[in-house]
């Protein structure tokens with residue numbers, strides 16, 4: 001049987017003949033089918049020939065170009081992982097160094113290497129939109145746990161000079177780095193204990209070479225990009241661990257240092273961020289530079305970091321302290337000097353670049369648009385920014401058009417962090433701040449002689465809000481409560497409905513909390529009621545919250 005497969009492999013030795021009848025991806029998958037069958041049936045005589053051919057095929061079929069096709073990447077990555085999940089190869093990962101050098105085990109090395117290589121280089125092109133794709137990852141968690149055990153076994157136990165995790169170990173970490181970049185998968189991957197293990201590894205990384213520890217900051221930052229990931233990391237004192245890692249000054253390149261700062265920002269509460277002012281300006285400079293570099297690069301990535309990643313951090317930072325927003329707009333130091341006008345233009349340019357993403361099915365591009373729109377919404381609260389927005393006629397036309405055409409069915413149901421509002425709220429918030437949404441002239445209904453109180457709250461505080469709302473209704477005769485739960489059901493324009501509630505209320509009851517402070521939607525309601533309409537505000541402070549910033 002080995003002879004049959006050796007004969008089958010010979011056709012790939014002269015690729016010029018194959019290309020006459022087959023496309024590059026057809027040649028690729030034809031070879032993979034034979035290679036995987038050889039591995040599955042242990043036709044050892046064919047092993048070395050497969051390795052030689054895979055090296056030449058990667059170049060011939062332009063693997064690093066055609067992998068950008070989602071179907072190509074999905075089929076390649078999933079088939080590779082299915083083979084790595086076979087018992088023999090899973091056992092290989094857990095062999096000691098000495099056992100791997102035994103003749104009966106050495107034959108697997110190159111095959112494991114290339115399976116990890118092609119799976120790690122294709123997994124990052126799969127959006128994981130479908131439940132089936134997510135279930136595939138879920139079905140292979142035991143394989144990923146073996147990857148983690150392999151790294152754990154090879155971590156140096158003592159600090160005694162520079163060690164390496166080996167080529168296979170570094171390939172595993174590259175795979176985990178790229179897999180965690182698919183943020184939708186983070187809740188699934190947390191079940192492998194990857195978060196706590198990576199924190200443990202980064203604490204032990206003093207003795208590792210730069211190449212062997214390179215993936216740790218990226219994996220942790222990817223996990224922190226998801227609220228569930230951040231919560232899990234914080235259970236293991238991640239902020240203190242990352243700050244201690246910063247103090248070791250192991251990272252020499254700017255982007256690697258910045259990843260740690262980005263992770264800390266995503267893990268921190270607003271109060272922690274405000275207290276951590278040391279070196280913040282340098283971090284903000286780097287964040288803006290990373291936005292510039294990644295936006296101007298292939299696939300909108302700089303050193304592996306997508307433009308949406310620094311944008312996500314900026315969204316959170318801008319909510320915390322307006323001085324952060326002011327610094328980015330007016331004082332940030334970048335390679336090409338930036339100023340208020342150029343920085344707003346940069347964010348507008350990113351918005352325009354991704355403005356068609358709602359019509360597409362790319363999850364990352366839609367997330368980038370949502371993040372950028374949230375950044376622009378924060379900027380639009382600054383009264384002196386209005387003129388710059390209005391100067392850009394293309395931006396105004398585009399954002400109005402998106403608002404008119406917006407269909408929730410166009411938006412991929414995807415994860416977004418708590419610090420971000422959805423695209424509809426953000427766009428309507430910008431238009432309101434730029435005075436394009438006029439005060440409503442609609443009447444909710446004739447309420448002559450009735451008392452109406454509008455309740456403004458953050459949905460994290462909904463239980464307390466409902467409790468007090470019920471108490472007020474039962475205690476005060478003829479008092480009517482306007483609350484979004486009962487007055488915006490089925491509304492096409494949520495903000496218009498809320499604006500009507502504010503306009504026709506006698507007073508606004510505001511449930512002020514840390515979550516309220518962090519919400520741009522709540523800020524929009526408060527500013528409209530207090531600043532624009534001069535409505536009486538009745539504050540209810542939750543959990544000893546002290547008003548600050550725009551609430552101060």
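In UniProt numbering, the protein residues as written are 1 to 552. Note that beta-carbon positions come from the ideal geometry of N, C-alpha and C, so glycine has one too.
Check your understanding: Anyone know if the C-beta pair for residue 526 and residue 469 falls short of 8 Å?
Key -> On the chain shown, position 526 is the one that residue 526 refers to. On the chain shown, position 469 is the one that residue 469 refers to. No, they are not a contact pair.
Check your understanding: Comparing alpha-carbon positions, which option in 486, 464, 495 lies nearest residue 510?
Key -> In the chain shown, residue 510 corresponds to position 510, counting from 1. Among 486, 464, 495, the Cα nearest to that of residue 510 is on 464.
Point to revise | Buried versus exposed, by CB contacts within 10 Å (16 or more), residue 336 | key: Position 336 of the chain shown, counted from the start, is the residue given in the question as residue 336. By the neighbour-count rule (16 or more Cβ atoms within 10 Å), residue 336 is not buried but exposed.
Review point. Under the rule that 16 or more other beta-carbon atoms within 10 Å means buried, what is residue 443, buried or exposed?
Key: Numbered from 1 along the chain shown, position 443 holds the residue referred to as residue 443. Any reading at residue 443 needs caution, since the residue's pLDDT is 44, under 50, leaving its predicted position unreliable; the model's value is listed next. Counting Cβ neighbours within 10 Å, residue 443 comes out exposed, since fewer than 16 surround it.
Practice item. Could you tell me the boundaries of the beta strand (DSSP E) in which residue 508 lies? Key: In the chain shown, the residue the question calls residue 508 occupies position 508. Unbroken beta strand (DSSP E) run through residue 508: 507–512.
Exercise for review: Could you say which of 162, 217, 220, 218 lies nearest to residue 209 if we only look at CA atoms?
Suggested key: Within the chain shown, numbered from 1, the residue matching residue 209 stands at position 209. The option with the nearest alpha carbon to residue 209 is 162.
Check your understanding: Distance, Cα to Cα, residue 112 vs residue 401?
Key -> Counting from one through the chain shown, the residue named residue 112 turns up at place 112. Counting from one through the chain shown, the residue named residue 401 turns up at place 401. Answer to the nearest angstrom: the Cα atoms are 51 Å apart.
Review point. DSSP three-state call for residue 454: helix, strand or coil?
Key: Reading the chain shown from its first residue, position 454 is the one you call residue 454. Residue 454 falls in the strand class under three-state DSSP.
Check your understanding: For residue 476, which of helix, strand or coil comes out of DSSP?
Key -> Translated into positions along the chain shown, residue 476 becomes position 476. Residue state, collapsed to three classes: coil.
Check your understanding: When the Cα atoms are used, what is the spatial distance from residue 357 to residue 379?
Key -> Indexing the chain shown from 1 puts residue 357 at position 357. Indexing the chain shown from 1 puts residue 379 at position 379. Cα to Cα, residue 357 sits roughly 22 Å from residue 379.
**Study point:** DSSP-derived helix/strand/coil call for residue 305
**Key:** On the chain shown, position 305 is the one that residue 305 refers to. Note: residue 305 maps to strand in three-state DSSP.
Practice item. Can you say whether residue 91 is buried or exposed, counting buried as having 16 or more other CB atoms within 10 angstroms of its CB? Key: Counted from its first residue, the chain shown places residue 91 at position 91. Exposed: under 16 other Cβ atoms inside 10 Å.
Review point. Helix or strand or just coil, what does DSSP make of residue 497?
Key: Numbered from 1 along the chain shown, position 497 holds the residue referred to as residue 497. Three-state result, residue 497: helix.
Point to revise | Distance between residue 96 and residue 280 (C-alpha atoms, nearest Å) | key: For the purposes of this step, residue 280 is taken as the residue at position 280 of the chain shown. For the purposes of this step, residue 96 is taken as the residue at position 96 of the chain shown. Roughly 44 Å between the two C-alpha positions.
Practice item. With DSSP as the reference, please indicate the residues paired to residue 539 in a beta bridge. Key: Locating residue 539 in the chain shown gives position 539, where the first residue counts as 1. Looking at the DSSP assignment, residue 539 forms a beta bridge with 510.
Practice item. Mind checking who residue 208 pairs with in its DSSP beta bridge? Key: In the chain shown, counting from the first residue as 1, residue 208 sits at position 208. Paired residue(s): 163.
Exercise for review: Given a cut-off of 8 Å, decide if residue 70 and residue 127 are closer than it, judged by their beta-carbon atoms.
Suggested key: Looking up residue 127 in the chain shown gives position 127. Looking up residue 70 in the chain shown gives position 70. Yes, they are a contact pair.
Exercise for review: Using alpha carbons as the reference points, say which of 105, 56, 122 lies closest to residue 72.
Suggested key: As a working mapping, residue 72 is identified with position 72 in the chain shown. Per the Cα distances, 122.
Review point. What are the complete alpha helix (DSSP H) segments, minimum 4 residues, inside the stretch 223–300?
Key: 227–234, 238–248, 254–267, 270–275, 280–295
Check your understanding: With distances taken between CB atoms, is the gap from residue 195 to residue 243 smaller than 8 Å?
Key -> Sequence index remark: in the chain shown, residue 195 carries index 195 (1-based). Sequence index remark: in the chain shown, residue 243 carries index 243 (1-based). No, Cβ-Cβ distance for residue 195 and residue 243 is not below 8 Å.
Check your understanding: Quick one: Cα of residue 272 to Cα of residue 256, how far?
Key -> The residue given as residue 272 occupies position 272 in the chain shown. The residue given as residue 256 occupies position 256 in the chain shown. Near 22 Å, if we compare the C-alpha coordinates of residue 256 and residue 272.
Review point. Are residue 372 and residue 389 closer than 8 Å when you measure CB to CB?
Key: Numbered from its first residue, the chain shown carries residue 372 at position 372. Numbered from its first residue, the chain shown carries residue 389 at position 389. No, these two residues do not count as a Cβ contact at 8 Å.
Point to revise | C-beta atoms of residue 266 and residue 291 nearer than 8 Å | key: The residue you call residue 266 lines up with position 266 of the chain shown. The residue you call residue 291 lines up with position 291 of the chain shown. No.
Exercise for review: State the Cα-Cα distance for the pair residue 251 and residue 154, rounded to the nearest angstrom.
Suggested key: Residue numbering aside, residue 251 sits at position 251 when the chain shown is read from its first letter. Residue numbering aside, residue 154 sits at position 154 when the chain shown is read from its first letter. Taking the straight line from one Cα to the other gives about 21 Å.
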